[in-house]
Amino acid sequence: MAEKSEVGKLRSLAQLDADAVGAYDAAIARVNEPLVRERLNDFRVDHVRHVQDLNALIQRFGGEPVELRLDLKGTAMKGLTAITSMMGTEAALVAMLGNEEFTNRAYELALQFDWRPEVRALIQKNREDEYRHVTWIRDAVRTRPWLKEGATAAEGSELQA
């Protein structure tokens, strides 16, 4: 069995991703532009997968998996995202940018720990997804690709989802 601290750290990452799913739900529910909704939904799916993949390791190491529901921090994140998203697409993206920056920092910090190779590989893979999310959102806030006529979900960044 893995050390309790290792399982605890994996559970923290999984809960962070579960909380991110709630924030994405709030933003997606209030964004009307298909381009942005599609991309946000893609990122939401990534976070669900992160929870599932992390839970597989947690269970393998004898820990209790994280449920796909919000904790107190996640409830606050979702509420703030929902309120901010009422101000429009750009506001929703700014809220999600803050959420993704937080998630990116957590994954960067996690990579500083001494993990067994298979765990490190998963955390690195998830971190790459997080970087892709924050890069697209940051670029979309700057360029507002949904305002371009005929915009598609692939637009708004050089990095494709």
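Throughout, the working numbering is defined as the position within the sequence shown, counted from one, plus 36. Where is the CB? At the ideal position from N, CA and C, for every residue including glycine.
Environment of residue i [buried if 16+ CB atoms lie within 10 Å]
i    : result
K45  : buried
E194 : Since pLDDT at E194 reaches only 39, below the 50 mark, its modelled position is unreliable, and no value is offered.
N135 : buried
E42  : buried
G98  : exposed
F79  : buried
P181 : buried
A128 : buried
As assigned by DSSP and simplified to three states, the class of residue i
i    : result
W151 : coil
F79  : helix
K101 : Looking at the sequence shown, residue 101 is not Lys but Pro. Looking at P101 - three-state DSSP - the assignment turns out to be coil, as it is neither helix nor strand.
M132 : helix
N68  : coil
Through-space distance from residue j to residue i, alpha-carbon basis
i    : j    : result
R141 : L183 : 30 Å
M132 : N77  : 12 Å
K165 : N91  : According to the sequence as given, residue 165 is Asp; it is not Lys. Their backbone Cα atoms lie some 17 Å apart in a straight line.
R152 : R66  : 41 Å
E137 : K161 : 17 Å
D68  : G124 : Per the sequence presented here, residue 68 reads as Asn, with Asp not at that position. If you take the alpha carbons of N68 and G124, they lie about 9 Å apart.
Supposed contact pair residue j and residue i - C-beta distance, whole angstroms, cut 8 Å
i    : j    : result
V198 : A56  : Missing from the structure shown is residue 198; the chain here goes from 37 to 197 and no further.
D53  : V87  : 5 Å
E126 : V170 : Not quite, the Cβ-Cβ distance comes to about 16 Å (not below 8 Å), so this is no contact.
Taking one C-beta from the region 144-156 and one from the region 62-69 each time, how about it: are there three or more such pairs within less than 8 Å? no
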